[in-house]
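> What follows is a single structure, and I will ask about it in a moment.
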């Protein structure tokens, strides 16, 4: 049926980075990465035709049994494709003295891109290749302001940026990547306040995605029919705002 022994996946990666400390309270880090993975495993779908039936009979399978398999599928794992991911991480952090406390500011940005090559016939289709290369945003940024009085109060505000992304209908796709859907970028805001009560108690209240930002509406008509409304492949989920409160006691 065409199955051959598997070979181990092989990966090759390298990184390079620089660190710059322009002041005692500021640091800048930039890292580049490149990860290549060869012979990645994939499931191959092999339709059994007359040639495969003849091979089964030649291998000793009784003709009556071999002919029962005509038109069926044989699925097995093969070394199906290669992939390369490359990108960079940027981190800038600094602390400032402000009235009644300290303010920490941190910026983190990631940019990455994945390429899929050498796809074996009968394994992942064009839609799956498209999703692997485009379903994750190329860019994500976090900007955090963390304020502390070193006594009663501390808190933070965080802005999270997710770049735009594209996808097919996945399981419901025709497989040729003709059904490409585009979804726009978004900014989410988190807020947290922390109160120290005495030496042992701390009360924290906050919210994630406090403005209840949702991704674009799902564009795949089959998913819509099944009740999916916000984009199912959203990198930040579909549940909207989340609020929380917790109490910590140390001893």
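In this note's numbering, the protein residues as written are 37 to 287. All C-beta atoms, glycine included, are put in the ideal place defined by N, C-alpha and C.
Measure the alpha-carbon distance for residue 61 versus residue 116 and round it to whole angstroms.
Sequence index remark: in the chain shown, residue 61 carries index 25 (1-based). Sequence index remark: in the chain shown, residue 116 carries index 80 (1-based). Each residue's alpha carbon lies about 49 angstroms from the other.
> Hey, how far is the Cα of residue 225 from the Cα of residue 182?
Reading the chain shown from its first residue, position 189 is the one you call residue 225. Reading the chain shown from its first residue, position 146 is the one you call residue 182. Distance between the alpha carbons of residue 225 and residue 182 is about 13 angstroms.
> Helix or strand or just coil, what does DSSP make of residue 257?
Start at 1 with the first residue of the chain shown, and residue 257 comes out as number 221. The answer is helix: DSSP assigns residue 257 an H, G or I state.
> Quick check for students: name the residue ranges of the beta strand (DSSP E) that lie wholly in the segment 176 to 205, counting only runs of 3 or more.
Runs found: 189 to 198, 201 to 203.
> If you follow the beta strand (DSSP E) that residue 166 is in, where does it begin and where does it stop?
Here residue 166 refers to the residue found at position 130 when the chain shown is read from its first residue. Unbroken run through residue 166 is the alpha helix (DSSP H), 162 to 170; no beta strand (DSSP E).
> Is it buried or exposed, residue 270, if we count other Cβ atoms within 10 angstroms and call 16 or more buried?
The sequence position of residue 270 within the chain shown is 234, counting from 1. When all chains shown are included, residue 270 counts as buried.
> Counting C-beta neighbours from all protein chains within 10 Å, is the total for residue 223 16 or more, i.e. buried, or is it exposed?
Within the chain shown, numbered from 1, the residue matching residue 223 stands at position 187. With fewer than 16 other Cβ atoms within 10 Å, it is exposed.
> Please classify residue 247: does DSSP put it in a helix, a strand, or coil?
Along the chain shown, read from residue 1 onward, the residue named residue 247 stands at position 211. The answer is coil: DSSP assigns residue 247 none of H, G, I, E or B.
> Specify, as a first and last residue, the run of the beta strand (DSSP E) that residue 87 falls within.
Sequence index remark: in the chain shown, residue 87 carries index 51 (1-based). Not the beta strand (DSSP E): residue 87 falls in the alpha helix (DSSP H), residues 86 to 94.
> Could you give the distance in angstroms between the alpha-carbon of residue 118 and the alpha-carbon of residue 68?
Position 82 of the chain shown holds residue 118. Position 32 of the chain shown holds residue 68. The alpha-carbon atoms of residue 118 and residue 68 are separated by roughly 20 angstroms.
> Relative to the alpha-carbon of residue 220, which residue among 55, 241, 267, 184 has its alpha-carbon at the smallest distance?
Here residue 220 corresponds to residue number 184 of the chain shown, with the count starting at 1. The candidate whose alpha carbon is nearest that of residue 220 is 267.
> Could you check the C-alpha separation between residue 124 and residue 142 for me, to the nearest Å?
Taking the chain shown and counting its residues from 1, the one referred to as residue 124 is at position 88. Taking the chain shown and counting its residues from 1, the one referred to as residue 142 is at position 106. Residue 124 and residue 142: Cα-Cα distance of roughly 17 angstroms.
> For the beta strand (DSSP E) that contains residue 135, what are its first and last residues?
Position 99 of the chain shown holds residue 135. Counting along the chain, residue 135 falls outside any beta strand (DSSP E), and DSSP gives it neither H nor E.
> Within the chosen definition, does the segment 87 to 98 reach the segment 156 to 166 through at least 3 CB pairs nearer than 8 angstroms?
No, they do not touch.
> Could you please give the first and the last residue of the uninterrupted alpha helix (DSSP H) stretch that includes residue 100?
Indexing the chain shown from 1 puts residue 100 at position 64. Element bounds for residue 100: 99 to 103.
> Taking residue 121 as the reference, give the member of 71, 138, 276, 92 with the closest Cα.
As a first step, residue 121 is located in the chain shown; it is residue number 85 there, counting from the start. It is 71.
> How close, in whole Å, do the beta carbons of residue 238 and residue 229 come, if the pair is a contact with beta carbons under 8 angstroms?
For the purposes of this step, residue 238 is taken as residue 202 along the chain shown, with counting starting at 1. For the purposes of this step, residue 229 is taken as residue 193 along the chain shown, with counting starting at 1. Contact doesn't hold; Cβ gap of about 11 angstroms is too wide.
> With H, G and I counted as helix, E and B as strand and the rest as coil, what does DSSP make of residue 208?
Sequence index remark: in the chain shown, residue 208 carries index 172 (1-based). Looking at residue 208 - three-state DSSP - the assignment turns out to be helix.
> Have a look at residue 280 and residue 247 and give me their C-alpha separation to the nearest angstrom.
The sequence position of residue 280 within the chain shown is 244, counting from 1. The sequence position of residue 247 within the chain shown is 211, counting from 1. One C-alpha to the other measures close to 15 angstroms.
> For residue 104, which option in 113, 86, 112 has the closest C-alpha, if you only look at C-alpha atoms?
Residue mapping note: residue 104 aligns to position 68 of the chain shown, counting from 1. Of the candidates 113, 86, 112, the one whose C-alpha sits nearest the C-alpha of residue 104 is 86.
> Taking the DSSP output, what are the residues bridged to residue 147?
Within the chain shown, residue 147 is the residue found at index 111, counting from 1. Looking at the DSSP assignment, residue 147 forms a beta bridge with 124, 175.
> In or out: residue 173 buried (at least 16 other Cβ within 10 Å) or exposed?
The sequence position of residue 173 within the chain shown is 137, counting from 1. The residue in question, residue 173, is buried, as its Cβ has 16 or more Cβ neighbours within 10 Å.
> Whole angstroms is fine: what's the gap from residue 126's alpha carbon to residue 145's?
Counting from 1 along the chain shown, the entry for residue 126 is found at position 90. Counting from 1 along the chain shown, the entry for residue 145 is found at position 109. If I take the Cα positions, the gap works out to 5 angstroms.
> Do the CB positions of residue 199 and residue 175 come within less than 8 angstroms of each other?
Locating residue 199 in the chain shown gives position 163, where the first residue counts as 1. Locating residue 175 in the chain shown gives position 139, where the first residue counts as 1. Against a cut-off of 8 angstroms, the Cβ pair of residue 175 and residue 199 comes out as a contact.
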